[in-house]
Amino acid sequence: MTATVQDLGSVDAAAVTDALSRGNCGEVAGDAGRRAQYSADASNYRQIPLAVVFPRERRHVLNTLGVCRRLGVPVTSRGAGTSTSGQAVGAGVVLDFSRFFNRLLALDPQARTATVQPGIVLDDLQTAAAEHGLLFGADPSTHSRCTLGGMIGNNACGTHSVAWGRTADNVAELEVVTYRGTVVHLGEMTQDEIDDAMAAGDDRAQLIASLYQLAQSNLAALRTKLGQFPRQVSGYALEHLLPENRFNLARALVGSEGTLAVVLSATVRLIPPPPARALVVLGFQDACAAADAVPFLLDHRLLALEGLDQALTDIVTRPETRAAIDTLPAARAWLFAEIGGTPDELPRRAEALAASARQADGFTGSEVIADPARARRLWRIREDGAGLATRLPGPGGGSEAWPGWEDAAVPPDQLGSYLRQFTELLGHHQLQGAVYGHFGEGCLHVRINFDFTTEEGTAVFRAFVTDAAELIAAHGGSLSGEHGDGQARSALLPLMYGPDIIALFEEFKSIWDPDNGLNPGMIVHPLPVDGNLRVSPHRTPLPLTTVLPFHADGGDFAKATRRCVGVGKCRSAGHRGDVMCPSYRVTLDERDSTRGRARLLYEMTQGEVITDGWRSTEVRDALDLCLSCKGCSVDCPVGVDVATYKSEFLHHHYKGRVRPASHYTMGWLPLLSRLAARMPRLVNALTSSRLASLIKRLGGIAAQRNLPQFADQTFLTWFRSRTPQGEGHRGPVMLWVDSFNNHFTPDVLKAGVDVLESAGFRVQVPDGTQCCGLTWITTGQLSIARRIARRTTTALGPAAGAGIPIVGLEPSCTAALRSDLAELLDGNADARAIAGSTVTLAELLIHQASDWQPPLIETSSISQTHCHQHATSGFSADSTLLRRMGVDNTTLDSGCCGLAGNFGFERGHYDVSVAAGEQVLLPAVRAADLDTHILADGFSCRTQISQQTDRTGTHVAQLIARALPPSGPSS
């Protein structure tokens, strides 16, 4: 039975969810939290779905379509949700293939093909193909999380399409199902195969006959209006129905944005990569000059030719990335040209390429990047472009910049002219944007500072995209070069194609989906470009007052949460030297990603789906597995900081209410530790006795965890009774005595004293017993954290004011002094001074004792970088220090250790905590030789290592101190 898709205003979401649950459709979710998480993709648009389905098997997809068909509810297929045009959100049922329906079904190295389910992540396919010396040609910048189904939906291209083609060029066969339930295998067809198929007399025969008739009746239009240049992705790819293209229905379906059929499996072609590659960076006076040079470079058999404007690189603030940018040839725009071949031929070809570039007007210089690591760092800037460009430089965090016209393409010989007129058009509408993209194929990406918060700004958006569409048509271009039309551009297609081609598109859609049940409003019968906007002047956010200032977002919590524009880097499961997002890497659930949490928080500020503001249980539950690692604050290209959002939320959520037990035990651990320090042996005996299980149960602590043992003597007791050593000729240094090392591992702080005195510093400690307040911050007890912070500034303010360095040995506490303290005490001059004076041990020794030679230790080590150190200072100073010591160190690309302060000790978190550690860190520790040092400065990291392996972690201060000659009592 088929029901015509109806007006969804009368459809009850609970009834749809119930019908799907009873229909054997896989995992079904219709709660407010899930619907909020799937309300947006990486575009400007927002539609609240009725339900979300996570199919595990082929029959779940077919059953879902059957239920929706019976109810008259539309279906939107979704991969990673990184679509920038709005085609991955819908008001009906969303089918998320990425979570379970994501297997590699077959890989044939001889035939160079792979058959996959639509939810497989591109990087997973690439990993499997690489084992056979092969790869998939299309490689968009979202390769670490985008799915093949999404790439098929958009006809994704990527950096190397100039050499290896679009997704359509690499698809061999598709198995799809229509909204009415007809399963069809698609590929090239000979005339005999077409005749045989039409004679079969079934639903497939009727479908193919109608498509064949459409093609035969419109051969001239298909030949002259479609497929005129590679990046003409807008609309439907009807040129593949031509006889000379072998009536390839698989390729014709690629780029249809889920409006024609649902992909069940895809067979794709694989190719061998070149034996070697070289990156040639070409500098130009501006982006227009770079665009003008493109036609002169394409004869060099390039693998890639990407453009970057200085307006994009100026946005970068991360020190390591900034350092990579500063090594580029002096210019205001660059082309990244990649060539491939044998190692012997690459230098000659690189020089020939540079010689061609030198003939172009506006050329400023070139450099061949021979270091693969440096080349990867530079390519990463380009990969992060979509996220970086969402905030333009300026006060208050800069203006927000949005997609909407981020994907237009023209023939490459038109690129310079188009870019100049496009720049003029931006100025005419008083808009700004940072340009980058696939210059080698004439495809420009840009994020523009549209103001969707006002009626006037929305009108400017509508007028601009209309003018831009007319400009692109005048240059023989395409509204979309790889992102698809979606809601962003479908309504503008008549400006590009005219009524005859639009009528063909509508007929094509009707043949496949006469009920309009698949992703309605995309490509044909379009939704308006300014409808369903995620940020709208017609919605008034809830009046939410915050404790933390959120200066980077103008003090606006809603604006902070909508920093997340959906590029989905947090959904990357692989470890590439970043931390974000440890919980997602374990669960692979959108709810546990940075994006999922930010989306839920944003919907909380809107008060529509999430209606109870700070008291929301949906938000509380989604934040539960956030480790507060702060990885997202630096790894997210947009700087989403869920750890801070979580602290703010928990503060309000539990205000005036009883908190979880762990908030009183782990949150108040610094104070409880001071009490335990009076009788540490008794406390240790109790926490190791039969009463331990009861203590843990009452304290909200995971039963599987061993409670750390208190030291017999705190560091402060020891320090205040000792005689200082050394001359102290470098002057005083203030050692921050953190609660963890003071009470549990004082030997770390003692080692720090030895090293500092050996390096010529006179060590001081703050008066009394101080705390940075971190445990209160992570549990959202911000009022108490603020009181603690005031005590801290009183204790450290004079030292900071006197220019005395403040050295932290515990990375989480050091990070708190550097960042959280000034946020808690907004406007406090002492807090700002303390933040500027706080350094790590390695930073102090490298930058303020550069003439001191640490002891030489000919040994090897592996090191785990603490998450908070990764987020605030990085590991570069530590690497330099270890090299000076002669240590052969390997920094693990392990991300978070999984313990993350109180997180891994809290009841309900143990499995995720251990699983996070088991991804890289713990196996690496177990595999390390016994004479390899396991370096871990973080107390949490060392605790996780000692509790989950038979090894112990060593602080870098301990490694140095053990090699120093004996000099005093602390030795």
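Heads up: the sequence shown is residues 5 to 975, going by the numbering used here.
Backbone N, C-alpha and C define an ideal beta-carbon position, used for all residues, glycine too.
Being a predicted model, the structure only gives us computed values, none of them experimental.
**Study point:** 6 Å Cβ shell around Gly784 - same chain, five flanking residues per side excluded
**Key:** Position 780 of the sequence shown, counted from the start, is the residue given in the question as residue 784. Excluding the 5 residues flanking it on each side, Gly784 has same chain C-beta neighbours closer than 6 Å at Ser651, Leu654, His655, in chain order.
**Study point:** DSSP-derived helix/strand/coil call for Tyr49
**Key:** The count along the sequence shown starts at 1 and reaches residue 49 at position 45. Looking at Tyr49 - three-state DSSP - the assignment turns out to be strand.
Check your understanding: Per DSSP, which one or two residues make a beta bridge with Cys447?
Key -> Counting from 1 along the sequence shown, the entry for residue 447 is found at position 443. Residue pairing by DSSP places Cys447 opposite Ala413, His442 in a beta bridge.
Check your understanding: What is the DSSP secondary structure of Glu404, reduced to helix, strand or coil?
Key -> As a working mapping, residue 404 is identified with position 400 in the sequence shown. In the structure shown, Glu404 adopts extended strand secondary structure according to DSSP, grouped into three states.
Check your understanding: Are Leu178 and Val272 close, meaning C-beta to C-beta below 7 Å?
Key -> Mapped onto the sequence shown, residue 178 falls at position 174. Mapped onto the sequence shown, residue 272 falls at position 268. No. Outside cutoff.
Point to revise | Beta-carbon proximity list for Gln114, same chain, < 6 Å, skipping 5 on both sides | key: Within the sequence shown, residue 114 is the residue found at index 110, counting from 1. Cβ within range, chain order: n/a, list empty.
Point to revise | Alpha carbon of Gln729 to alpha carbon of Leu968, nearest angstrom | key: Taking the sequence shown and counting its residues from 1, one reaches residue 729 at position 725. Taking the sequence shown and counting its residues from 1, one reaches residue 968 at position 964. Rounded to whole angstroms, Gln729 to Leu968 spans 13 Å at the Cα level.
Exercise for review: Determine whether the Cβ of Ala327 lies closer than 7 Å to any Cβ atom of chain D.
Suggested key: Included in the structure is just one protein chain, with no chain D present.
Practice item. Please report how far the alpha carbon of Asn832 lies from the alpha carbon of Gly756, in whole angstroms. Key: By 1-based counting over the sequence shown, the position of residue 832 is 828. By 1-based counting over the sequence shown, the position of residue 756 is 752. Straight-line measurement puts the Cα of Gly756 at about 29 Å from the Cα of Asn832.
**Study point:** 8 Å contact criterion, which Ala241 and Leu230 should meet: CB distance rounded
**Key:** By one-based count along the sequence shown, residue 241 stands at place 237. By one-based count along the sequence shown, residue 230 stands at place 226. Contact annotation, Ala241 with Leu230: C-beta distance approximately 7 Å; criterion of less than 8 Å satisfied.
Check your understanding: Going by the beta-carbon positions, is the gap between Pro518 and Ala495 smaller than 7 Å?
Key -> In the sequence shown, residue 518 corresponds to position 514, counting from 1. In the sequence shown, residue 495 corresponds to position 491, counting from 1. Taking 7 Å as the Cβ cut-off, Pro518 and Ala495 do not qualify as a contacting pair.
**Study point:** Helix, strand or coil at Ile705 according to DSSP, with G and I counted as helix
**Key:** Translated into positions along the sequence shown, residue 705 becomes position 701. It is a strand residue.
Practice item. Keeping to the same chain, check which residues put their C-beta closer than 6 Å to that of Arg386; ignore five residues upstream and five downstream. Key: To locate residue 386, count along the sequence shown from 1; it is residue 382. Same-chain partners within the cutoff: Glu310.
Check your understanding: Residue ranges of each beta strand (DSSP E) run of no fewer than 3 residues wholly in the segment 876-949, ordered along the chain?
Key -> DSSP runs (the beta strand (DSSP E)) wholly in the segment 876-949: 892-895, 936-940.
Point to revise | Environment of Ser677 [buried if 16+ CB atoms lie within 10 Å] | key: Counting from one through the sequence shown, the residue named residue 677 turns up at place 673. Per the 10 Å Cβ criterion, buried.
Check your understanding: Is the beta carbon of Leu968 within less than 6 Å of some heavy atom of the ligand PLP?
Key -> By its list of ligands, the structure shown contains no ligand whatsoever, and the ligand PLP lies outside what it can speak to.
Review point. How big is the Cα-Cα spacing for Ala17 and Leu629?
Key: Position 13 of the sequence shown holds residue 17. Position 625 of the sequence shown holds residue 629. When rounded, the distance between both Cα atoms is 27 Å.
Point to revise | Range of the contiguous alpha helix (DSSP H) that encloses Phe719 | key: Translated into positions along the sequence shown, residue 719 becomes position 715. First-last of the alpha helix (DSSP H) with Phe719: 719-723.
Point to revise | Same chain, Cβ closer than 7 Å to Val180, five either side skipped, listed in chain order | key: Residue mapping note: residue 180 aligns to position 176 of the sequence shown, counting from 1. Answer for Val180: Val188, Leu190, Leu257, Ala265, Val266, Val267, Leu268, listed in chain order.
Practice item. Put Thr171 into one of helix, strand or coil per three-state DSSP. Key: Working through the sequence shown from its first residue, we reach residue 171 at position 167. In the structure shown, Thr171 sits in coil (DSSP, three-state: anything other than H, G, I, E or B).
Review point. So, do the segment 630-643 and the segment 756-774 have three or more beta carbon pairs nearer to each other than 8 Å?
Key: In this structure the segment 630-643 does not touch the segment 756-774; the number of beta carbon pairs closer than 8 Å is below three.
Point to revise | Contact under 7 Å by Cβ, Phe101 with Gly70 | key: Reading the sequence shown from its first residue, position 97 is the one you call residue 101. Reading the sequence shown from its first residue, position 66 is the one you call residue 70. No, the pair does not count as a contact, with Cβ atoms beyond the cut-off.
Practice item. Within 10 angstroms of the Cβ of Pro927, are there 16 or more other Cβ atoms? Answer buried if so, exposed if not. Key: Position 923 of the sequence shown, counting from 1, holds the residue named residue 927. Pro927 comes out exposed.
Review point. So the alpha helix (DSSP H) Trp516 belongs to, where does it begin and stop?
Key: Locating residue 516 in the sequence shown gives position 512, where the first residue counts as 1. 503-516 is the extent of the alpha helix (DSSP H) around Trp516.
Check your understanding: What's the gap between the Cα of Pro530 and the Cα of Ala270?
Key -> Here residue 530 refers to the residue found at position 526 of the sequence shown. Here residue 270 refers to the residue found at position 266 of the sequence shown. Looking at the two C-alpha atoms, the distance is approximately 28 Å.
Practice item. Would you decide whether Arg170 is buried or exposed? Buried here means 16 or more other CB atoms lie within 10 Å of its CB. Key: If you number the sequence shown from 1, residue 170 lands on position 166. Buried: at least 16 other Cβ atoms inside 10 Å.
Review point. Is the Cβ-Cβ distance between Tyr42 and Arg538 less than 7 Å?
Key: What you label residue 42 is simply residue 38 of the sequence shown in a count that begins at 1. What you label residue 538 is simply residue 534 of the sequence shown in a count that begins at 1. Between Tyr42 and Arg538, the gap from beta carbon to beta carbon reaches 7 Å or more.
Point to revise | Range covered by the beta strand (DSSP E) that runs through Met738 | key: What you label residue 738 is simply residue 734 of the sequence shown in a count that begins at 1. Start and end: 736-740.
Practice item. Let me know the secondary structure DSSP gives Ser974 once reduced to three states. Key: Within the sequence shown, residue 974 is the residue found at index 970, counting from 1. Bear in mind that a pLDDT of 46 at Ser974, under 50, signals an unreliable position, so the number given afterwards is only what the model happens to contain. Of the three classes helix, strand and coil, the one that applies to Ser974 here is coil, per DSSP.
Point to revise | Cβ-Cβ separation, Val769 to Leu739 (assumed contact under 8 Å), whole Å | key: One-based indexing of the sequence shown puts residue 739 at position 735. One-based indexing of the sequence shown puts residue 769 at position 765. Between Val769 and Leu739 the Cβ distance is about 5 Å, and since that is below 8 Å, they are a contact.
Check your understanding: Would the beta-carbon of Leu605 fall within 7 Å of that of Tyr649?
Key -> In the sequence shown, residue 605 corresponds to position 601, counting from 1. In the sequence shown, residue 649 corresponds to position 645, counting from 1. Contact annotation: Leu605 and Tyr649 have beta-carbon atoms nearer than 7 Å.
Review point. What is the C-beta distance between Arg235 and Gly446, in whole angstroms, given that I count them as a contact (C-beta under 8 Å)?
Key: Looking up residue 235 in the sequence shown gives position 231. Looking up residue 446 in the sequence shown gives position 442. For Arg235 against Gly446, the beta-carbon gap comes to about 6 Å, under 8 Å, which counts as contact.
Review point. Counting pairs of Cβ atoms below 8 Å between the segment 855-865 and the segment 897-908, do you hit three or more?
Key: By the Cβ test, the segment 855-865 is not in contact with the segment 897-908, since fewer than three Cβ pairs between them sit closer than 8 Å.
Practice item. Count the C-beta pairs between the segment 462-474 and the segment 334-354 that are closer than 8 Å, then say yes if the count reaches three, no if not. Key: No: fewer than three Cβ pairs fall under 8 Å.
Review point. Taking the Cβ atom as the reference point for each residue, do Pro858 and Arg888 lie within a distance shorter than 7 Å?
Key: Walking along the sequence shown from the start, residue 858 turns up at place 854. Walking along the sequence shown from the start, residue 888 turns up at place 884. Yes.
**Study point:** Residues that DSSP places opposite Trp672 in a beta bridge
**Key:** Start at 1 with the first residue of the sequence shown, and residue 672 comes out as number 668. BP columns for Trp672 are empty, so no partner.
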